[in-house]
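Under the numbering used here, the residue at position 52 of the sequence shown is numbered 54, and the numbers go up by one with no gaps. Below you'll find the structure, written out as structure tokens, and then a few comments.
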Amino acid sequence: MKVRIFDTTLRDGEQTPGVSLTSNEKLEIAIKLDELGVDVIEAGSAITSKGEREGIKLITRENLNAEICSFVRALPVDIDAALECDVDSVHLVIPTSDIHMKYKLKKTPQETMECAINAVEYAKDHGLIVELSAEDATRSDVNFLIGLFNKGIESGANRVCVCDTVGVLTPEKSIELFKTLSENIKVPISVHCHNDFGMATANTVCAIRGGAVQCHVTVNGVGERAGNASLEEVVMALQVLYGYETNIKTEKLYETSRIVSRLMKLPVPPNKAIVGDNAFAHEAGIHVDGLIKNTQTYEPIQPELVGNKRRIILGKHSGRAALKYKLDLMGIEITDKQLNEIYERVKHFGDLGKYISDVDLKAIISEVTGSHAEEKIKLDELTVVSGNKITPIASVKLHFAGEDRHLIETSYGVGPVDAAINAVKRAISGVADVRLEEYRVEAMSGGTDALIEVVVKLRRGCEVVEVRKSHGDIIMASVLAVMEGINMLL
Ligand SMILES: CC(=O)SCCNC(=O)CCNC(=O)[C@H](O)C(C)(C)COP(=O)(O)OP(=O)(O)OC[C@H]1O[C@@H](n2cnc3c(N)ncnc32)[C@H](O)[C@@H]1OP(=O)(O)O
Ligand SMILES: CC(=O)C(=O)O
């Protein structure tokens, strides 16, 4: 069976506290979602604001393959706003639980039913596809829910949706509820789960097992409070664990995740299933040894299936097989004695509570073997001007090792460090697309002359490196850390 994917990243996902997308950002995400293969894009809630309508209009004008939908309350004014944006469909929501009807709507169940039916008729009269959705459905009387849905269907609703608005569903109840609903409802049933108890993915999958044929999801599980069911988790669980099909091009999941994360300014937790940076990262020696022999020993799926990448991390838990694997990847040949010496130093670093980055490993290798890796791009000159009456500005001159080729750039920033790093980023932008994902400063001693340790995390595609650099000057520590990271990624 093929399950339809209704993506609500741009509506419920954008309701994440503090998140607000510009219309162009909405369009960028919508295009990616369409490429990913979602069936419906809930582009927003047209009544929300002028900017929201601009964003939805940009998306509907793009003639994407996906159905473009707007959230609407059961009110003509909301439906008019959706019509102004030229959407294909409306996600027409009406609360059905006693608590919502009594305290929020201040309506009786009968008045609520009438309000919903009038709105369905209004939307259908205006040519819209209608998904009639029951808010707080999982705390509602099931007979009232079935009655309301069937009245809505008689009025033309094309699909219905059951919302677990406050995330209180459980997998067992989900199967039962959707079985009962599918026995009593003759149009496609959709499920919309929230993650308040971390159950959204399980509840969504169980709803499909019970009889739902479409699920509402968001990229990275973004959304109100603890978020919505995560698109990547639901899709992969449905396909890999239960054998359902979807239209999703799974190899685009990682890339889509990172675009949403960047535009919403919401970092993806490293341990996030499927798209987290640790989802296919391994440190424990026993695991890495197993993986080298056969990746299926410690990976349920190949990372490439979801566009992610396997990473072997060195640390306290590493074994010799992992170390040998890393050295082979780096093209470094050493004796068994040197391997053992490097291994002991890796363990020592780990015991000090340190993460061993690729830079640390290279430094250990250099010390043990007496060899030194050549930097590909070197910092020649750095000039920074800052003060209270000037926008901080920096210029850098870099040169390619062994060549008569230079990169010179100037940039500004909110402070001198930002300006200097921006100048480096601009200088190398034509050479490689390297992004600074994390920057933090740790003062290693007290006083204004403290030795500063800067930690940066840089990404080029799926490759991520973390570099620490100490210097008495915070600007130099920052720029040297970034330069070292760039060299590792080239
Ligand atoms: C579970 C969910 O995710 S629901 C979706 C949540 N999304 C949003 O809230 C979208 C962003 N919201 C907004 O921009 C604003 O709240 C607006 C424009 C929708 C409304 O703003 P206001 O007119 O100032 O109303 P306000 O937000 O204060 O109150 C909501 C009103 O909608 C009513 N309402 C709420 N849900 C529904 C519904 N499904 N159908 C009909 N009326 C509803 C409430 O009863 C309340 O009405 P009242 O003012 O008569 O008491
Ligand atoms: C409609 C919706 O987003 C909810 O009930 O959670």
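Glycine included, each C-beta is placed from N, C-alpha and C at the ideal position.
- Ligand 1 has no heavy atom closer than 7 Å to the beta-carbon of residue 192.
- In the same chain as residue 182, and ignoring 5 residues on each side of it, the C-beta atoms closer than 7 Å to its own belong to 144, in chain order.
- Per DSSP, residue 345 has no beta bridge partner at all.
- If you look at residue 180, you'll find it in the alpha helix (DSSP H) that goes 173-186.
- Taking residue 261 as reference, the option from 437, 444, 155 and 343 with the minimal CA-CA separation is 437.
- In the DSSP annotation of this structure, the continuous segment of the alpha helix (DSSP H) that includes residue 261 starts and ends at 255-266.
- Contact residues of ligand 2 (beta-carbon closer than 5 Å to any heavy atom; chain order) are 14, 95, 137, 165 and 167.
- Under the three-pair Cβ rule at 8 Å, the stretch 167-180 does not count as touching the stretch 114-126.
- Between ligand 1 and the CB of residue 73, the shortest heavy atom gap is smaller than 7 Å.
- Residue 265 places its beta carbon less than 8 Å from that of residue 30.
- Here the alpha carbons of residue 127 and residue 210 stand approximately 31 Å from one another.
- For residue 55, the enclosing alpha helix (DSSP H) starts and ends at 52-63.
- The alpha-carbon of residue 357 is positioned some 8 Å away from that of residue 351.
- At least one heavy atom of ligand 1 sits closer than 7 Å to the Cβ of residue 226.
- At a threshold of 7 Å, residue 87 does not count as near ligand 1, since its beta carbon sits no closer than that to any of the ligand's heavy atoms.
- With respect to the 8 Å criterion, residue 180 and residue 149 are not classified as neighbours on the basis of their beta carbons.
- Residue 89 is positioned such that its CB atom lies closer than 8 Å to that of residue 62.
- For residue 286, the shortest separation between its Cβ and any heavy atom of ligand 1 does not lie below 7 Å.
- Collapsing the DSSP output to three states places residue 81 in a helix.
- Under the DSSP assignment, residue 127 falls in the alpha helix (DSSP H) whose first and last residues are 111-127.
- For the stretch 284-366, the continuous alpha helix (DSSP H) assignments of 4+ residues that do not extend past its boundaries occur at 287-295, 322-331 and 338-353, in sequence order.
- In terms of side-chain proximity, the C-beta atom of residue 47 is found nearer than 7 Å to a non-hydrogen atom of ligand 1.
- Restricting attention to beta strand (DSSP E) runs no shorter than 3 residues, the stretch 183-252 encloses them at 191-195 and 216-219, ordered along the chain.
- Residue pairing for residue 13: DSSP places it in no beta bridge.
- The shortest C-alpha to C-alpha distance from residue 27 to any of 58, 97, 52 and 391 is the one to 58.
- Around the beta carbon of residue 298, a 10 Å sphere encloses fewer than 16 other beta carbons of the protein chains shown; the residue is thus reported as exposed.
- Under the three-state reduction of DSSP output, residue 433 falls in the coil class, being neither helix nor strand.
- Counting only residues of its own chain and dropping the five nearest sequence neighbours on each side, residue 490 has a CB closer than 7 Å to the CB of 360, 361 and 467.
- For residue 133, same chain residues with a beta-carbon under 6 Å away, outside a window of 5 residues either side, are 93, 161 and 163 in chain order.
- By the criterion of at least three beta-carbon pairs nearer than 8 Å, the stretch 225-235 is in contact with the stretch 201-210.
- Relative to ligand 1, the beta carbon of residue 50 is positioned inside 7 Å of a heavy atom.
- Exposed is the label assigned to residue 442, since fewer than 16 other Cβ atoms lie within 10 Å of its Cβ.
- The alpha carbon of residue 168 has as its nearest neighbour, out of 444, 120, 308 and 102, the alpha carbon of 102.
- Look at residue 394 here: in three-state DSSP terms it is strand.
- Look at residue 74 here: in three-state DSSP terms it is strand.
- The bridge partners DSSP lists for residue 42 are 8 and 69.
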